[in-house]
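First up is the structure itself, then whatever we jot down about it.
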Amino acid sequence: IVAGAPAFSFNNLTSWSCHFLPLTGQQGADTFIPMTMWPTIHDDILAQCDELDGVKDGFLESPDLCDYKPESLLCGVNNNQTDACLTQRQVETLRGIYAPLIDASGDLVYPRMQPGAELSGAPQTYFNGQPFGASDWFKYAILNDSTWDPATITPEDYVRSSSLNLFNVETWDGDLSPFQNRGGKLLHYHGLIDGTISSDNSPRYYEHVSQTMGLAPAELDEFYRLFRISGLAHCSGGTGAAFIGNQARNMASLDPEENVLMAMVRWVEEGIAPETVTGTAFVNNTVSAGVDYKRRHCRWPTRNVFKGTGDYKDENNWECVPI
């Protein structure tokens, strides 16, 4: 199985998807952040966190390490002007966007939106002041109330959705023993600028499997490997080394080192498991313009770090280090 950006923990994913509307408010609300501000926010995130991987290249190799402080964009700070800054209420909105969703008991519902996805659809999908499509799941399935207003969703609604688990849609089973025992192989990847499903939830599932099955990463490696892909949006798109062969439009090569589908074929047929996944970036994100650079994406639980010298576009100047 090659699984990309999985929508597991589905009940909690829908809760998370729907919680942004009451957080941002509708367009015109004092909590709402205009679409025109998101490029500025993205640049501010890069200014604070881009070099956590050792080099300023426009991408976060480990957005989970980014403790973004939006106060730097507060109007009146650092000589910010009113057309390129945030009010206190908008800063509070931004803090909420980059915080995990917690229920009334203080338990985690779903991880935060990872910093870095501001230009890959997250604002247009979730922060636009409109009800997200999954709100109909609450209206007609969970609450069975056609008059329900998506802007009124509450932590109690999250708990109700999770408790009902209609049609067993949650898909959060940490015991993969039957799959393992029949010789199954799982290559799991997630783009780190995914603006639809938080990339933080994929390592969370990996750790859930590890704890449930009592297997260390070296043991999980026998049948389950997770790769985080910097610069990749929701399964395709993005401006990094995001062409990894997971679909025809996202393929740069048939080499198993650079193509997750061919890597799976080699793993199953030859017993050679992928150590890294090499992604390709094209000049101006255009295939016909030629290759800009390649980068080897690391297997969890390691992260990609620049070695400190040379061209960051040289894949040999990066290394995978333990988390």
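To convert, take the position in the sequence shown, counting from 1, and add 1410; that gives the numbering used here.
All C-beta atoms, glycine included, are put in the ideal place defined by N, C-alpha and C.
Remember, it's a predicted structure, so these values are computed and weren't measured experimentally.
Those residues which DSSP pairs with residue i across a bridge
{"i": "Y1703", "result": "A1691"}
{"i": "I1512", "result": "L1518"}
{"i": "A1413", "result": "H1598"}
{"i": "I1639", "result": "G1601"}
Contact under 8 angstroms by Cβ, residue i with residue j
{"i": "P1666", "j": "A1658", "result": "no"}
{"i": "S1609", "j": "P1480", "result": "no"}
{"i": "T1497", "j": "T1434", "result": "no"}
{"i": "H1600", "j": "A1415", "result": "yes"}
{"i": "F1637", "j": "V1465", "result": "no"}
{"i": "Y1615", "j": "F1420", "result": "no"}
{"i": "A1561", "j": "D1631", "result": "no"}
{"i": "I1455", "j": "G1526", "result": "yes"}
{"i": "Q1436", "j": "G1539", "result": "yes"}
{"i": "R1705", "j": "E1685", "result": "no"}
{"i": "S1556", "j": "N1422", "result": "no"}
{"i": "W1677", "j": "K1595", "result": "yes"}
{"i": "R1499", "j": "T1441", "result": "yes"}
Residues near residue i by beta carbon distance below 6 angstroms, same chain, minus five either side
{"i": "S1640", "result": "F1469, E1471, L1602 and G1650"}
{"i": "E1528", "result": "W1448, I1451 and H1452"}
{"i": "N1656", "result": "G1414 and V1670"}
{"i": "Y1703", "result": "A1691 and K1723"}
{"i": "G1531", "result": "G1605"}
{"i": "T1622", "result": "G1584 and D1585"}
{"i": "G1738", "result": "Only positions 1411 to 1733 of the chain appear in the structure, and residue 1738 is not among them; the question remains open."}
{"i": "N1611", "result": "P1521"}
{"i": "T1581", "result": "F1418 and F1420"}
{"i": "C1645", "result": "G1414 and A1415"}
{"i": "T1688", "result": "E1667, E1668, K1704 and R1706"}
Bounding residues of the alpha helix (DSSP H) (the contiguous stretch that carries residue i)
{"i": "E1729", "result": "Run containing E1729: none in the alpha helix (DSSP H); it sits in the beta strand (DSSP E), W1728 to P1732."}
{"i": "G1506", "result": "Q1498 to I1507"}
{"i": "A1532", "result": "A1532 to Y1536"}
{"i": "V1569", "result": "P1565 to L1574"}
{"i": "F1420", "result": "F1420 to C1428"}
Close Cβ partners of residue i (< 8 angstroms) along its chain, the five nearest in sequence each way excluded
{"i": "A1699", "result": "F1692 and V1693"}
{"i": "T1535", "result": "F1542, G1605 and T1606"}
{"i": "E1729", "result": "N1714, V1715 and K1717"}
{"i": "D1460", "result": "K1466, D1467, G1468, F1469 and L1470"}
{"i": "L1431", "result": "G1539, Q1540, P1541, F1542, S1545, P1560, A1561 and I1563"}
{"i": "N1575", "result": "N1421"}
Limits of the beta strand (DSSP E) - the one that residue i falls within
{"i": "F1716", "result": "T1712 to F1716"}
{"i": "L1518", "result": "L1518 to Y1520"}
Contacts around residue i, its chain only, beta-carbon distance under 7 angstroms, and the 5 residues preceding and following it disregarded
{"i": "C1495", "result": "L1483, L1484 and C1485"}
{"i": "H1429", "result": "L1511 and I1563"}
{"i": "I1733", "result": "P1711, T1712 and R1713"}
{"i": "Y1722", "result": "V1465, D1467 and F1716"}
{"i": "Y1508", "result": "Y1478, R1522, M1523 and P1525"}
{"i": "A1544", "result": "T1424, S1427 and C1428"}
{"i": "V1569", "result": "D1513"}
{"i": "V1519", "result": "N1422, S1425, W1426, L1511, I1512, D1513 and Y1568"}
{"i": "V1412", "result": "L1597, N1656, V1670, L1671 and M1674"}
CB contact below 8 angstroms: residue i versus chain D
{"i": "L1596", "result": "Looking for chain D here will not work: only one protein chain is present."}
Check: Which ranges does the alpha helix (DSSP H) cover as unbroken runs of at least 4 residues, wholly within the segment 1578 to 1633, from first to last along the chain?
Finding: Taking only runs of at least 4 residues, the alpha helix (DSSP H) segments lying wholly in the segment 1578 to 1633 are 1587 to 1591, 1611 to 1623 and 1627 to 1630.
Check: What runs of the alpha helix (DSSP H), each 4 residues or longer, lie entirely inside the segment 1433 to 1494?
Finding: Secondary structure in the segment 1433 to 1494: the alpha helix (DSSP H) runs of 4 residues or longer, each lying completely within the stretch, are 1448 to 1459 in chain order.
Next item on the list: Tell me the start and end of each unbroken alpha helix (DSSP H) in the segment 1650 to 1681 that is at least 4 residues and wholly inside, in chain order.
Entry: Counting only runs of 4 or more, we get 1670 to 1680.
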